[in-house]
Structure formats: C-alpha cells, structure tokens
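Here is the structure we will look at, set down as structure tokens.
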Ligand SMILES: [Fe+2]
Ligand SMILES: [Fe+2]
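Numbering (the numbering used here), first residue to last: 258 to 407.
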C-alpha cells in the first residue's frame with residue numbers, strides 16, 4: 258500500500274460519516290454517536306496525515322505552498338467542529354453548522370485527492386510512499402485510540 262491509498266481509506270470513512278450526520282434529525286443519541294465518530298476520524302486522520310504526509314512534503318521547496326494550504330484547511334475544519342459543538346441541537350442552527358463542516362471537509366478531501374496527491378506524487382520517492390503509508394497507518398490507529406479514550 259502507498260500513502261495515497263492509505264489516506265483515501267480514511268477519506269471514504271469521513272465521507273460516509275459526514276453523509277450519515279446530515280441525515281440525522283433533531284437531538285438524539287444517534288446524532289451524538291455519529292458526530293463523536295466523525296470527530297475522532299477527522300482528528301486522527303489530520304494528525305497522522307500532518308506528521309507522515311505533509312511534514313515530509315514541507316521539507317521540499319515544491320511542497321511548501323500545498324502544505325501550508327492544507328494545514329490551514331485542517332485548522333478551519335477544527336474551528337467548524339467547535340461551531341457544531343457550540344450549536345443547540347434542538348434548533349436549525351445545528352444543522353446549518355453541521356452542513357458547513359461537512360462541506361468544508363468534502364472540499365478539502367477533493368482538493369487533496371485531485372491536486373495535492375498529484376503534486377506530491379512527483380516530490381516523494383516510491384520508497385517514501387510505501388514507508389509513509391506504514392507510519393501514517395500506525396499513527397492513525399494510535400490517534401484513534403487516544404481520541405476515543407479522551
Ligand atoms: Fe487533510
Ligand atoms: Fe486527508
């Protein structure tokens with residue numbers, strides 16, 4: 258497996274959980290549970306991806322701009338998560354905040370898959386692509402455990 262295949266696995270989970278979240282209606286334990294899973298998935302993926310995909314890219318002059326852009330989007334996603342947490346689930350403001358979050362995540366995933374993966378494919382060596390996949394996956398699993406226990 259290479260780093261792109263490894264990253265895409267979580268992207269698919271993020272897409273599924275985002276779609277499930279927007280289908281929930283009103284305050285419910287189901288909504289709480291899906292949001293919790295979504296938040297864990299996003300946080301674990303972001304951290305592991307920053308450590309074992311973006312940091313190596315930042316070390317190359319051609320990877321600086323894309324890395325800055327992607328990490329600022331991770332930060333925006335974190336802020337949208339906070340807005341959802343602060344919104345009242347019994348009002349329509351909650352769904353509006355959730356929709357903003359899911360839209361931002363989808364925008365980010367598509368930009369990574371259609372632009373950054375192609376650009377970074379030219380920067381990283383084949384050996385790096387395989388090694389980073391292993392490192393990313395073990396960090397991702399560790400972060401998921403930590404997030405779930407928090
Ligand atoms: Fe990302
Ligand atoms: Fe990603």
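No residue lacks a Cβ here, since even glycine has one placed at the ideal position from N, Cα and C.
Measuring CB to CB, does residue i end up less than 8 angstroms from residue j?
| i | j | result |
| --- | --- | --- |
| residue 347 | residue 276 | no |
| residue 333 | residue 375 | no |
| residue 271 | residue 307 | no |
| residue 327 | residue 373 | yes |
| residue 404 | residue 263 | no |
| residue 279 | residue 357 | no |
| residue 365 | residue 330 | yes |
| residue 259 | residue 384 | no |
| residue 359 | residue 351 | no |
According to DSSP, is residue i part of a helix, a strand, or is it coil?
| i | result |
| --- | --- |
| residue 282 | coil |
| residue 240 | Residue 240 is absent from the structure shown; the chain starts at 258 and stops at 407. |
Would you give the residue range spanned by the alpha helix (DSSP H) that residue i belongs to?
| i | result |
| --- | --- |
| residue 387 | 383–406 |
Excluding sequence positions up to five away, which residues of its chain have a Cβ less than 7 angstroms from the Cβ of residue i?
| i | result |
| --- | --- |
| residue 380 | 314, 317, 319 and 320 |
| residue 311 | 324, 327 and 328 |
| residue 397 | 267, 301, 302 and 305 |
| residue 344 | 350, 351 and 354 |
So does residue i have its beta carbon nearer than 7 angstroms to some heavy atom of ligand 3?
| i | result |
| --- | --- |
| residue 366 | Only ligand 1 and ligand 2 can be found as ligands here, which leaves ligand 3 out of the picture. |
Please list, in chain order, all residues of the same chain as residue i whose beta carbon is under 8 angstroms from its beta carbon, the five residues on each side excluded.
| i | result |
| --- | --- |
| residue 401 | 297, 298 and 301 |
| residue 393 | 260, 263, 264, 305, 306, 308, 309 and 310 |
TODO: Go through the stretch 315–373 residue by residue and report every complete run of the alpha helix (DSSP H) that reaches 4 residues or more, in order.
DONE: 321–343 and 349–368
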